[in-house]
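Respectively, the protein sequence lines represent chains A and B.
So in this note's numbering, the last one in the first sequence is 253, and the numbering has no gaps at all.
So in this note's numbering, the last one in the second sequence is 1281, and the numbering has no gaps at all.
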Amino acid sequence: MKPLFTLKDVSLYYGESQVLKNISLTIDKGKVTSIIGPSGAGKSTILRTLNRMNDRIPGFQLSGEVFFDDENLYNNGTKVHLLRQNVGMVFQKPCIFPKSIYDNVLFGVRHLYSRRKHEFSQIVEETLKAVSLWDEVKDKLNQSALELSQGQQQRLSIARALAVEPRVLLMDEPTSSLDPTSTCAIEELVGRLSGNLTIVIVTHKLDQAKKIADDVVFICEGKLIEHGRSENIFSNPSQQQTKDYLKWHLCKC
Amino acid sequence: MRRDLKEVIFFSACIITTVTAISLLFIILSAILVRGLPAINLEFLTTESKEFGQNGGILYQTMGTFILIGMAGILAFPIALGSAVYQTEYLSLSLRGTADLLVYALNAVPTIIFGLFGYMFFGVFLKLGVSWLTGSFILAIMVLPTVLVSIKEAIESIPFKYLEAGLALGLTQERLVRAVIIPQSIHGMVTGLLLGLARAAGETAAIMFTATTFSGVLLPASFREPVTSLQTHILILAQEAINPRALTNAWGAALVLVALIMLMSLGSMLIRATITHEAER
């Protein structure tokens, strides 16, 4: 099967400092790919090259090629907002707008597909059900979303991203600010959503990657060390650095 | 020992300067209050002035001030907003410093120059004459830097995560401005506008001969008629009054003007307080 994303020899700089070093990588359609590595390795940076969220950072420069299907993302012709409609993103901390729950789910949809107004309440119900939030909030859709718990807010952020109907969902340590119960809820959700949706998730929790990922990408100091099926990487890694990292949570690269 | 002495001198100097500043303000405000209060009553606030301000009230002066600054706000706000959005969202980083410098330079121009230029351009060249519209244009240019800088600060203080959340959903830059940037900074924008208008309400020199006349006008019937305003009313009454009643009326008008400006500043402070409250949640 043809990969959905293909990175060819990607190096990325912020001003003078090089964050990614000659990364070549493919990400498969319909799978959950987990990017693991120590903090500061460049995990989030790789993730953010896939929907061009690094563009606004001062001093940003990229060499190499990133393909989404057959489209070279860093070509001048790429319409970045269309790319991001296809490649949604959920951040480390839930970012909720000071609006009602209903309006938060529709935040993207309202501006992208304003003609589909009659479908709005249906979209809200479907996406909130998809993230298992519907039963908790169905009676207070018009209340401020700021009153929800962190875990509920993060699920709401996912619902908001899903409402735009992306083909890919990028998740940047989505559970790092959540309690264990909410973390489990989101891990379970990732498993349920994959298949129709391609998910790329950055995490520093190895057990989480083990639990939810089909493929695992291990990076360290901006370099790709190992990439493969989750079970292979966790049971029988081929690189010494990967072995060290899995054992000691440290790596010398 | 010597260090202690220095410390004491420095501390006392701070206290003395602070007390001086506060008491100056207090003296001015209480002078206006003491002398102006006898003039204030319902009739003074709600009737037109008679006999060149010696009798009657300041209704049309107050309205004139409102008309001038209201129109100035209507003219300045969209220009300030558009330019602030351009400077924060589109302009390349390397040019932003230059843009800031230009705005501060505009802010440093003495107001009489705005009056002179404004009258030549709007009054003479565009044939608006001595009229409230000329005055509003002049005041709009005058408050533009203040309003622009406040709006820019409001936009720059939007947490980056809101912008990212909007962009990640696939909003275009234009949609981002409408859906995130303006709604998230509206409080700061209104604050800036009020501060700018409070400044315009106190401006006298630039509108004295370009937008206002002393007496004999009520509400303008067209764009090309002048108005009377509180600030020019005070100046002329104070300059030409021999009659103590006229002088009292000048203080009364001053009190109304000060109260008006303070209300606007207070309003902007209250709005600012509500934003910090929201940001802390």
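Quick reminder that beta carbons are idealized off the backbone N, C-alpha and C, glycines included.
Backbone CA spacing between residue i and residue j [nearest angstrom]
i: glycine 108 of chain A; j: valine 168 of chain A; result: 15 Å
i: lysine 2 of chain A; j: aspartate 69 of chain A; result: 8 Å
i: alanine 1105 of chain B; j: leucine 1128 of chain B; result: 27 Å
i: phenylalanine 1137 of chain B; j: alanine 1206 of chain B; result: 11 Å
i: threonine 1017 of chain B; j: leucine 1194 of chain B; result: 29 Å
i: isoleucine 101 of chain A; j: serine 121 of chain A; result: 12 Å
i: lysine 21 of chain A; j: glutamine 240 of chain A; result: 19 Å
i: aspartate 244 of chain A; j: leucine 170 of chain A; result: 27 Å
i: glutamate 126 of chain A; j: aspartate 1100 of chain B; result: 48 Å
i: alanine 1279 of chain B; j: alanine 1221 of chain B; result: At alanine 1279 of chain B the pLDDT is 47, less than 50, meaning the model places this residue with poor confidence; the figure from the coordinates comes in the next sentence. Cα to Cα, the separation comes out at about 46 Å.
i: threonine 6 of chain A; j: isoleucine 27 of chain A; result: 7 Å
i: tryptophan 1150 of chain B; j: cysteine 95 of chain A; result: Correcting the residue identity first, residue 1150 of chain B is serine in this sequence and not tryptophan. When rounded, the distance between both Cα atoms is 25 Å.
i: arginine 84 of chain A; j: valine 164 of chain A; result: 10 Å
i: valine 1034 of chain B; j: glycine 1073 of chain B; result: 32 Å
i: leucine 62 of chain A; j: serine 24 of chain A; result: 13 Å
i: aspartate 172 of chain A; j: tyrosine 1119 of chain B; result: 58 Å
i: aspartate 215 of chain A; j: glutamine 92 of chain A; result: 21 Å
i: lysine 99 of chain A; j: alanine 1140 of chain B; result: 34 Å
i: histidine 249 of chain A; j: proline 38 of chain A; result: 7 Å
Cβ of residue i within 9 Å of any chain A Cβ
i: alanine 1021 of chain B; result: no
i: threonine 1191 of chain B; result: no
i: histidine 1277 of chain B; result: Annotation note: pLDDT 47 at histidine 1277 of chain B (below 50); position unreliable, coordinate value reported separately. So, not an interface residue.
i: glutamate 1225 of chain B; result: no
i: glycine 1166 of chain B; result: yes
i: lysine 1161 of chain B; result: yes
i: arginine 1175 of chain B; result: yes
i: leucine 1091 of chain B; result: no
i: valine 1180 of chain B; result: yes
i: leucine 1171 of chain B; result: yes
DSSP-derived helix/strand/coil call for residue i
i: histidine 1277 of chain B; result: With a pLDDT of 47 at histidine 1277 of chain B, under the threshold of 50, the modelled position of that residue is not reliable, and the figure given next carries that caveat. Histidine 1277 of chain B: helix per DSSP, three-state reduction.
i: arginine 229 of chain A; result: strand
i: asparagine 1041 of chain B; result: coil
i: leucine 178 of chain A; result: coil
i: leucine 50 of chain A; result: coil
i: serine 194 of chain A; result: strand
i: leucine 1091 of chain B; result: coil
i: leucine 1024 of chain B; result: helix
i: aspartate 207 of chain A; result: helix
i: cysteine 220 of chain A; result: strand
i: aspartate 1100 of chain B; result: helix
i: serine 144 of chain A; result: strand
i: valine 164 of chain A; result: coil
i: glycine 1170 of chain B; result: coil
i: proline 237 of chain A; result: coil
i: asparagine 1107 of chain B; result: helix
i: leucine 1218 of chain B; result: coil
i: glycine 1188 of chain B; result: helix
One or two residues paired with residue i in a DSSP bridge
i: leucine 12 of chain A; result: A:Leu20, A:Leu62
i: aspartate 1004 of chain B; result: Looking at the DSSP assignment, aspartate 1004 of chain B forms no beta bridge with any residue, so it has no partner.
i: methionine 171 of chain A; result: A:Val90, A:Ile201
i: lysine 1050 of chain B; result: B:Asn1055
i: leucine 133 of chain A; result: According to DSSP, leucine 133 of chain A bridges with nothing at all.
i: isoleucine 27 of chain A; result: A:Phe5
i: glutamate 71 of chain A; result: A:Phe68
i: serine 34 of chain A; result: A:Ile201, A:Val216
i: serine 100 of chain A; result: A:Ser144
i: threonine 1212 of chain B; result: B:Val1227
Contact with chain B by residue i, beta-carbon distance below 9 Å
i: cysteine 95 of chain A; result: yes
i: histidine 204 of chain A; result: no
i: leucine 197 of chain A; result: no
i: glutamine 85 of chain A; result: yes
i: proline 58 of chain A; result: yes
i: histidine 227 of chain A; result: no
i: glycine 191 of chain A; result: no
i: arginine 116 of chain A; result: no
i: asparagine 76 of chain A; result: no
i: glycine 15 of chain A; result: no
i: methionine 53 of chain A; result: yes
i: methionine 1 of chain A; result: no
i: leucine 82 of chain A; result: yes
i: leucine 178 of chain A; result: no
i: phenylalanine 5 of chain A; result: no
i: glycine 108 of chain A; result: yes
Report task. Could you run through the stretch 156 to 176 of chain A and flag, in chain order, every residue whose CB is less than 9 Å away from some CB of chain B? Result -> Those residues of the stretch 156 to 176 of chain A that come within reach of chain B (Cβ to Cβ, closer than 9 Å) are Ser157, Arg160, Ala161, Ala163, Val164, Pro166, Leu170.
**Report entry** Contacting positions in the stretch 235 to 250 of chain A - beta carbon closer than 8 Å to chain B
**Finding:** Cβ contacts with chain B come from no residue of the stretch 235 to 250 of chain A.
Query raised in the report: Which residues, in chain order, does the stretch 121 to 154 of chain A contribute to contact with chain D at a C-beta distance below 8 Å?
Result: No chain D is present in this structure, whose protein chains are A and B.
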